[in-house]
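S.K.: Residue 288, in full-length UniProt numbering, is where the sequence shown stops; the numbers in between run on with no holes.
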Amino acid sequence: MGQSQKQKVITDYLLIIVGTTLLACAINLFFEKQDLVTGGVTGLAIAIKALTEPYFAGGIPLWFTNIALNIPLFLIGTMLRGKMFGAKTLFATFYLSFALYYTKFLPEIPADILLSSLFGGVLAGIGIGFVFIASATTGGTDLAASIIQHYFKHLPVGRMMMALDAVIITMGVFIFGPVKAMYAIISVYISGKVLDNMLEGINFSKAAFIISDKAEVIADEIMKKMDRGITGLNGRGMYTKQEKEILFCVVSKKEIFQLKEIVKNEDPKAFVIVGDVREVLGEGFIEY
1 MGQSQKQKVI TDYLLIIVGT TLLACAINLF FEKQDLVTGG VTGLAIAIKA LTEPYFAGGI
61 PLWFTNIALN IPLFLIGTML RGKMFGAKTL FATFYLSFAL YYTKFLPEIP ADILLSSLFG
121 GVLAGIGIGF VFIASATTGG TDLAASIIQH YFKHLPVGRM MMALDAVIIT MGVFIFGPVK
181 AMYAIISVYI SGKVLDNMLE GINFSKAAFI ISDKAEVIAD EIMKKMDRGI TGLNGRGMYT
241 KQEKEILFCV VSKKEIFQLK EIVKNEDPKA FVIVGDVREV LGEGFIEY
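Structure representation (structure tokens):
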């Protein structure tokens with residue numbers, strides 16, 4: 001294993017430790033305190049803890065349920081994704097159980113149920129995002145979603161998790177009532193959106209398609225004044241049947257106004273299409 005590979009492995013495991021700790025904080029500080037069944041094995045563990053409290057002092061611990069229910073999912077994930085995925089997921093699953101144990105001793109944060117659902121959702125989404133960036137999962141619905149994505153790669157992980165979590169949240173309705181279940185849905189939605197943003201990139205950029213008879217002049221001005229690369233694409237107007245060059249350029253959000261000003265000054269009749277870009281890898285943006 002080369003030096004860069006070793007650094008990547010160390011970084012991945014550090015991300016897993018940080019991510020699972022953040023997720024455990026969300027569960028112990030916000031979800032469990034407010035009886036929010038937010039889905040996943042940990043949400044199911046909260047429900048099981050409440051159901052078993054009359055029979056066991058304090059109920060079955062969250063960390064124990066997390067390990068017991070994740071073993072079958074872990075075995076399937078290892079078979080599909082390989083030993084490296086399995087090793088990281090095994091570490092993440094056990095470390096989450098460990099984090100659930102030591103974060104329960106943190107001082108309670110006074111917060112109402114709405115603030116708990118909001119901040120808990122954000123914290124959980126960031127935590128799961130770090131784990132996914134490390135090419136692992138914490139088990140539960142995120143592992144199940146990862147297994148499903150192995151077969152259906154076009155499905156966003158966050159949305160799949162929300163669908164799976166909905167089933168477990170429905171169970172929470174019968175234990176803690178519909179009001180708390182609705183707050184739990186807020187948490188699941190927020191964590192799913194935060195997760196998708198982390199995986200797809202939070203450095204949003206803008207992509208512009210420019211159709212103009214003065215394409216050469218506009219391209220020269222953009223390259224000179226903005227120091228941005230620009231690509232010419234061959235196109236043909238289906239009404240006029242005329243060949244035209246279409247300019248394609250990706251810029252940051254703050255640069256899009258300058259780009260439109262350049263186009264307007266050179267050709268007020270130019271046709272410009274601007275769209276959002278989730279993530280850009282390459283020179284001038286994020287390095288690989």
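Glycine included, C-beta positions come from ideal geometry on N, C-alpha and C.
(1) Give a yes or no on contact between the region 131–150 and the region 91–102, applying the rule of three or more CB pairs nearer than 8 angstroms.
(2) According to DSSP, what are the bridge partners of D276?
(3) Going by beta carbon distance, what residues of the same chain come within less than 6 angstroms of I273, once the five residues before and after it are set aside?
(4) When the Cα atoms are used, what is the spatial distance from F271 to F257?
(5) Determine whether the beta carbon atoms of T138 and A166 lie at a separation below 8 angstroms.
(6) On the three-state DSSP scale, how would you describe R236?
(7) Taking only three categories from DSSP, how would you classify L247?
(8) Quick check on the burial criterion: 16 or more other C-beta atoms within 10 angstroms. Buried or exposed for I10?
(9) State whether the region 238–258 contacts the region 188–198, with contact taken as three or more CB pairs (one from each stretch) at a distance under 8 angstroms.
(10) Determine the DSSP secondary structure at I211, reduced to helix, strand or coil.
(11) Is F271 helix, strand or coil by DSSP?
(12) Taking the alpha carbon of K180 as the reference point, which residue from A24, F30, G19, D35 has its own alpha carbon closest?
(13) Rank A163, A184, L164 by C-alpha distance to the C-alpha of V173 and give the top, closest one.
(14) Helix, strand or coil: how does DSSP classify Y288 here?
(15) Once you ignore the five residues that flank C249 on each side, which residues in its own chain have a CB closer than 8 angstroms to its CB?
(16) Using the C-alpha atoms, what's the distance from Q5 back to Y288?
(17) Determine the direct distance from the alpha carbon of T20 to that of S135, and round the result to whole angstroms.
(18) Whose CA, out of V251, K33, A50, lies closest to the CA of G120?
M.R.: Quick look at the numbers:
(1) Yes, they touch.
(2) Within the DSSP secondary-structure output, D276 pairs in a beta bridge with K206.
(3) Hits under 6 angstroms: F209.
(4) Each residue's Cα considered, the two are about 15 angstroms apart.
(5) The answer is no: Cβ separation not under 8 angstroms.
(6) Collapsing the DSSP output to three states places R236 in a strand.
(7) Correct three-state label for L247: strand.
(8) An exposed status is given to I10, since fewer than 16 other beta-carbon atoms sit within 10 Å of its beta-carbon.
(9) By the Cβ test, the region 238–258 is not in contact with the region 188–198, since fewer than three Cβ pairs between them sit closer than 8 angstroms.
(10) Here I211 sits in strand by DSSP.
(11) Three-state DSSP puts F271 in a strand.
(12) That would be D35, whose Cα lies nearest to the Cα of K180.
(13) Comparing Cα positions, the closest option is A184.
(14) Because Y288 carries a pLDDT of 46, less than 50, the predicted location of this residue cannot be relied on, and no value is offered for it.
(15) Setting aside the 5 residues that flank it on each side, C249 is surrounded in the same chain by A207, A208, I210, I222, R228, G229, I230, T231, L259, each with a C-beta closer than 8 angstroms to its C-beta; the list follows chain order.
(16) For Y288, the predicted structure reports a pLDDT of 46, less than 50, and the residue's modelled location is therefore unreliable. A value from the coordinates is still provided. Taking the straight line joining both Cα atoms gives about 15 angstroms.
(17) Answer to the nearest angstrom: the Cα atoms are 13 angstroms apart.
(18) Taking only the C-alpha atoms, the option nearest G120 is K33.
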